[in-house]
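First comes the structure, then the notes that go with it.
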Amino acid sequence: MCVSLRGESKLNINLVNFMELVDKVLPFEGEIATDAINEYIDGFKIIDPIKYKGQIFKINGSYLVNADISYKYETKCDRCFETTIKELTTSLSAKLKDYSEQYEDNEDENEDVIYYNKGSLDLEEYILMEVASSLPMKTLCDETCKGLCPGCGIDLNKESCTCQDDYIDPRFEQLKDFFITE
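So, in structure tokens, the structure goes:
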């Protein structure tokens, strides 16, 4: 079962005329509004329209689609919890197949497949799924982010704390004398 991430799509590509041509490339590009995805992703907010640019082409009797996707998202830094905005690019690459062939030949189950129906290809949902799956598991405001002090909670990027850093967890206190050098 496929869950739809959006309502009515505006990204329909007519493949009928394209498939009648020989050795042609069909370029496409555009933007997708962020309201189509923001309600489905927790902890992230896509802040600008999702931009995509790609092409459909024929190789060895098969049709392939390649698209570069770029977007900006807003989230909290995983170390200091400050709001941060990042840009990310990802790509979508798959083989095109007619929806009527969905259950027929499974010659290579490891390849990515995008289905078109009655000569019409709707890429919006595939692009939204690629964006959702490309969001990082961890985002930092900066690679040098120091985070929060575990003792007092001060943002170490903005100020220093006076917490002692020689705290030893009581469970490991017996080990402190294990490596005594004389």
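Quick note on numbering: the working numbering labels position 123 of the sequence shown as 123, and the sequence is numbered without any gaps. Note that beta-carbon positions come from the ideal geometry of N, C-alpha and C, so glycine has one too. If you're wondering where the values come from, they're calculated on a predicted model, not measured in any experiment.
Do you know whose CA, among the options, lies nearest residue i's CA?
i      : options                     : result
Asn60  : Lys95, Leu121, Ser160       : Lys95
Val131 : Lys72, Arg171, Leu26, Val65 : Lys72
Ala33  : Asp42, Ser70, Ser62         : Ser70
Cys145 : Ile41, Ser62, Cys80         : Cys80
Lys148 : Asn157, Asp142, Cys141      : Here residue 148 is Leu; the residue named in the question, Lys, does not match the sequence. Looking at the Cα atoms, Asn157 is the closest of the given residues.
Leu123 : Lys97, Glu143, Asp142       : Lys97
Leu92  : Gln174, Ile127, Phe179      : Ile127
Val113 : Ile50, Glu173, Asn66, Phe28 : Asn66
Given that a residue counts as buried once 16 or more other Cβ atoms are within 10 Å of its Cβ, and exposed if not, what is residue i?
i      : result
Phe44  : buried
Cys77  : buried
Ser100 : exposed
Val25  : exposed
Tyr40  : exposed
Gly54  : buried
Thr75  : buried
Ile168 : exposed
Please classify residue i: does DSSP put it in a helix, a strand, or coil?
i      : result
Ser160 : coil
Glu67  : Position check: residue 67 holds Ala in this sequence, whereas Glu was assumed. Correct three-state label for Ala67: strand.
Asp35  : helix
Asp122 : strand
Can you grab the Cα-Cα spacing for the pair residue i / residue j, in whole Å?
i      : j      : result
Leu121 : Met137 : 31 Å
Pro170 : Asp155 : 26 Å
Ile47  : Leu135 : 13 Å
Cys161 : Lys86  : 29 Å
Glu82  : Lys51  : 26 Å
Tyr115 : Ala36  : 20 Å
Glu125 : Ile56  : 17 Å
Thr84  : Glu29  : 28 Å
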